[in-house]
Amino acid sequence: MNQTSGHWQEDWELYVLGSLEPAAEEEMAAHLRSGCRECQRRYQEVQEVLSAMSNLAPTLRPAPRVERRLMQAIRVDPARPRAAWSFWQIAPWAAGFACLLLALGFAAGHSKMRAELQRANQRIVLAQKEQESLQQQLQSSREAERNLPASGTAAEKVAMPSIGGITAAEEARLRAQLDRARQRVELNEADNFALQHQLEQLRSDLAAATNHAASLEKDLASEQAQEKGKERIATRPNADAATALAAQLERSQAEVRRLSAAAGNGSKIERLLESPSLQQIFLRSVVPQAGGATARALYSPQGGLLLIADSLPALPDQKCYQVWLIRKSAPAITSAGLITLQAGGKGILFAPPSSELAEVTALAITDEPAGGSVSSRGKKLLFGAQ
Amino acid sequence: MLSPDQDDRFLISQVEKRHPDALLALYHKYSTRVFSLLYRIVKDRSAAEELLQDTFQRLWDRPQMYCSDKGALLSWLLTVARNLALDYSRKESRRASHLVLFTGDGEDFDPDRFPATGVAPDADLSRTIRQAMDNLPPAQQKVLELAYFEGLTHQELAERTGESLGTVKTRIRLGIAKLREALLNQGKVFRL
Chain P
4 MNQTSGHWQE DWELYVLGSL EPAAEEEMAA HLRSGCRECQ RRYQEVQEVL
54 SAMSNLAPTL RPAPRVERRL MQAIRVDPAR PRAAWSFWQI APWAAGFACL
104 LLALGFAAGH SKMRAELQRA NQRIVLAQKE QESLQQQLQS SREAERNLPA
154 SGTAAEKVAM PSIGGITAAE EARLRAQLDR ARQRVELNEA DNFALQHQLE
204 QLRSDLAAAT NHAASLEKDL ASEQAQEKGK ERIATRPNAD AATALAAQLE
254 RSQAEVRRLS AAAGNGSKIE RLLESPSLQQ IFLRSVVPQA GGATARALYS
304 PQGGLLLIAD SLPALPDQKC YQVWLIRKSA PAITSAGLIT LQAGGKGILF
354 APPSSELAEV TALAITDEPA GGSVSSRGKK LLFGAQ
Chain U
2 MLSPDQDDRF LISQVEKRHP DALLALYHKY STRVFSLLYR IVKDRSAAEE
52 LLQDTFQRLW DRPQMYCSDK GALLSWLLTV ARNLALDYSR KESRRASHLV
102 LFTGDGEDFD PDRFPATGVA PDADLSRTIR QAMDNLPPAQ QKVLELAYFE
152 GLTHQELAER TGESLGTVKT RIRLGIAKLR EALLNQGKVF RL
């Protein structure tokens, strides 16, 4: 340790990293507590860099159960200050009022989910109609294609009508139209796939919310019946029941918040699909160990990236699938996130909007150590270029 | 109504007054960043979830431990989370068998199924720090990754890399200085 003029010049990096021996660490902690401004500044500088280093970890979201557990744990915290009047006096009334409010909350959450579901359904119908129309266009383009001459140089075709009576210029126009129609059909198929997935998820969340709401209404009815039937002053057992009910309602409230947030996923995908600069890349396996795995990705810098993979082989526990963006400019290769395997080898990655999604020329999926890598070290399993 | 958009200092003051919604707002704001770091260190979903809950439980139990004069709340949360994760990893590595300490409650893990909560990770900051790391000499990269994500002491780093203690310290110091310079150049941190 190097201490000059009362300041440690070199060791704050090790201190913040926790890489010092305990005695040295305690000495420096005591120095910090003494209020030395220079050393506090150095400490903060290193702290900022290490905080930024946490961004090297691939982004993962915790399961909603963690929020539920945390809320359950803190809502029974006895340290919470009491109200000025006795809890036992107001608990039954408060619980009844909370029931009412929560029922209203559920109704709001419920109707939001229904609206989301309706929008998703409408979008699927529209996408299907558009797909049908494009398939018809494609069909007529294919018929036109069948009438095209089998060979001949462009110059010959421009110079003279072909056997089918179509000039080279017309042929080029039809081919371009055909390509555009194919691309639109492919994009619509991808839209449909993503929307169907989202719709299934919303349906499942909606069913869960409906069950919760039904159970809550039952509790509410029972509580109201109890209130009507009794004229006496609230007794302790009643208050206990009311407290338990209030705790249950609070837990349900957290669930409603989660479900409402889940409904918000649909709008994110919708925003991606509506981005003007939407691009698409198909990925295919490039090594035998990836089997027949395929993936398709839709992305835009403004809408994010949605990658849906199929038939991904199961990986050992200590491995994960990581998606890489291959770009024209620096960073030439950068992580888009991790895929977690679902049943049947399905995997979905939704990455938030990022400027890194501009100038992407290709995508790759590799197997990396669990938790992902900062730079790719695993084997390239799937690859697709524009 | 408390929301993640509100100022951290205000939300912390509400946590001190024992308002669960204030903690919930902070959880929505920072849980993704904290969870990503935890998972990167412990490489186990259930353990990372338990540690995430512990991190926010600590903020609830002892909000006065965080002092806004000593840096941003996120830095404090990441420090607490990292310490918990490294303690957990050290204990785990001492175990001979791979015991499953934490069990899920049947909810399938699909990070992408769950909505993004609170602030999205700063893509520019991620890119800047990643580029800065890529630009470091491999030996500096290695000691920083080992020190930050695996929590090795400088003694252990010296043993692992076969370098002297002095060399390890210099690499850490230079590496962090270069990362800070890159962050400064991009306006991601400021001179204090």
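From first to last, the protein sequence lines stand for chains P and U. Going by the working numbering, the first sequence opens with residue 4, and the numbers climb by one from there. Going by the working numbering, the second sequence opens with residue 2, and the numbers climb by one from there. Backbone N, C-alpha and C fix where the C-beta goes; we use that ideal spot for every residue, glycine too. Fair warning: this is a prediction, and the values are worked out from it, not measured in the lab.
Per DSSP, what are the beta-bridge partners of residue i in this structure?
i: residue 313 of chain P; result: P:297
i: residue 323 of chain P; result: P:371
i: residue 337 of chain P; result: P:328
i: residue 352 of chain P; result: P:310
i: residue 282 of chain P; result: P:302
i: residue 380 of chain P; result: DSSP, once it has assigned bridges, lists no residue as partnering residue 380 of chain P.
i: residue 288 of chain P; result: P:385
i: residue 344 of chain P; result: P:350
Please report the straight-line C-alpha distance between residue i and residue j, rounded to a whole angstrom.
i: residue 355 of chain P; j: residue 178 of chain P; result: 36 angstroms
i: residue 75 of chain U; j: residue 181 of chain P; result: 53 angstroms
i: residue 185 of chain U; j: residue 304 of chain P; result: 25 angstroms
i: residue 3 of chain P; j: residue 52 of chain P; result: Here chain P comprises residues numbered 4 to 389, so residue 3 of chain P is not present and cannot be evaluated.
i: residue 113 of chain U; j: residue 74 of chain P; result: Confidence is the limiting factor: at residue 113 of chain U the pLDDT is only 37, short of 50, which leaves the residue's position unreliable and the question unanswerable from this model.
i: residue 38 of chain P; j: residue 44 of chain P; result: 10 angstroms
i: residue 156 of chain U; j: residue 278 of chain P; result: 52 angstroms
i: residue 130 of chain U; j: residue 143 of chain U; result: 15 angstroms
i: residue 128 of chain U; j: residue 214 of chain P; result: 44 angstroms
i: residue 96 of chain P; j: residue 229 of chain P; result: Because residue 96 of chain P sits at a pLDDT of 45, beneath the cut-off of 50, its placement in the model cannot be relied upon, and the following sentence gives the value as read from the coordinates. Going from the Cα of residue 96 of chain P to the Cα of residue 229 of chain P covers about 12 angstroms.
i: residue 136 of chain U; j: residue 60 of chain U; result: 36 angstroms
i: residue 288 of chain P; j: residue 86 of chain U; result: 36 angstroms
i: residue 320 of chain P; j: residue 46 of chain P; result: 38 angstroms
i: residue 50 of chain P; j: residue 19 of chain P; result: 7 angstroms
i: residue 335 of chain P; j: residue 329 of chain P; result: 6 angstroms
i: residue 67 of chain U; j: residue 23 of chain U; result: 15 angstroms
i: residue 31 of chain P; j: residue 272 of chain P; result: 50 angstroms
i: residue 160 of chain U; j: residue 151 of chain U; result: 14 angstroms
i: residue 389 of chain P; j: residue 175 of chain U; result: 40 angstroms
i: residue 43 of chain U; j: residue 378 of chain P; result: 19 angstroms
i: residue 175 of chain P; j: residue 25 of chain U; result: 60 angstroms
i: residue 61 of chain P; j: residue 327 of chain P; result: 11 angstroms
i: residue 284 of chain P; j: residue 351 of chain P; result: 15 angstroms
i: residue 376 of chain P; j: residue 39 of chain U; result: 14 angstroms
i: residue 308 of chain P; j: residue 302 of chain P; result: 4 angstroms
i: residue 345 of chain P; j: residue 168 of chain U; result: 46 angstroms
i: residue 103 of chain U; j: residue 69 of chain U; result: In this predicted model, residue 103 of chain U has a pLDDT of only 33, less than 50, meaning its place in the structure is not dependable; the value taken from the coordinates is given anyway. Roughly 33 angstroms separates the two Cα atoms.
i: residue 33 of chain P; j: residue 164 of chain U; result: 30 angstroms
i: residue 337 of chain P; j: residue 187 of chain U; result: 18 angstroms
i: residue 65 of chain U; j: residue 31 of chain U; result: 18 angstroms
Is it right to say residue i is buried, meaning 16 or more other beta carbons lie within 10 angstroms of its own, or is it exposed?
i: residue 325 of chain P; result: buried
i: residue 64 of chain P; result: buried
i: residue 54 of chain U; result: buried
i: residue 124 of chain U; result: buried
i: residue 71 of chain U; result: exposed
i: residue 299 of chain P; result: buried
i: residue 58 of chain P; result: buried
i: residue 97 of chain U; result: Residue confidence for residue 97 of chain U is low, a pLDDT of 38 falling below 50, so the modelled location carries little weight and cannot support an answer.
i: residue 37 of chain U; result: buried
i: residue 14 of chain P; result: buried
i: residue 141 of chain U; result: buried
i: residue 54 of chain P; result: buried
i: residue 57 of chain U; result: buried
i: residue 381 of chain P; result: buried
Taking residue i as the query, report the chain P residues whose CB atoms sit under 9 angstroms from its CB, ordered along the chain.
i: residue 84 of chain U; result: 21
i: residue 166 of chain U; result: The premise fails here: residue 166 of chain U is roughly 10 angstroms from chain P at the closest Cβ pair, so nothing lies under 9 angstroms.
i: residue 50 of chain U; result: 65, 66, 68, 69 and 72
i: residue 33 of chain U; result: 62, 63, 64 and 65
Find the residues of chain P that neighbour residue i, judging by a C-beta separation of less than 7 angstroms, and give them in chain order.
i: residue 217 of chain U; result: Because residue 217 of chain U is not part of the residues shown, which for chain U are 2 to 193, the question remains open.
i: residue 134 of chain U; result: 59 and 377
Residues of chain P with a CB under 8 angstroms from the CB of residue i: which are they?
i: residue 40 of chain U; result: 60, 63 and 374
i: residue 44 of chain U; result: 321, 372, 373 and 374
i: residue 126 of chain U; result: 55 and 58
Is residue i near the ligand ZN, going by C-beta to nearest heavy atom under 6 angstroms?
i: residue 80 of chain U; result: Only the bare structure without any ligand can be found here, which leaves the ligand ZN out of the picture.
Name the chain U residues whose beta carbon is nearer than 7 angstroms to that of residue i?
i: residue 2 of chain P; result: Here chain P has residues from 4 to 389 only, and residue 2 of chain P is not among them.
i: residue 73 of chain P; result: 28, 54, 57 and 58
i: residue 78 of chain P; result: 21
i: residue 228 of chain P; result: By Cβ distance, chain U contributes nothing, its closest Cβ being about 30 angstroms from residue 228 of chain P, past 7 angstroms.
i: residue 17 of chain P; result: 155, 170 and 173
So residue i and residue j are supposed to be a Cβ contact under 8 angstroms. How far apart are they, rounded?
i: residue 386 of chain P; j: residue 361 of chain P; result: Incorrect: roughly 20 angstroms between the Cβ atoms, too far for contact.
i: residue 315 of chain P; j: residue 339 of chain P; result: In fact, because the Cβ distance is near 16 angstroms, the residues do not count as touching under 8 angstroms.
Report the neighbours of residue i on chain U: residues whose CB is nearer than 9 angstroms to its CB, in chain order.
i: residue 31 of chain P; result: Under the 9 angstroms cutoff, chain U gives no residues; its nearest Cβ is about 14 angstroms from residue 31 of chain P.
Can you pull the chain U residues whose beta carbon is under 8 angstroms from the beta carbon of residue i, in chain order?
i: residue 333 of chain P; result: 132
i: residue 337 of chain P; result: 128 and 131
**Prompt:** Along the region 348–368 of chain P, what residues have a CB closer than 7 angstroms to any CB found in chain C?
**Reply:** Looking for chain C here will not work: the only protein chains present are P and U.
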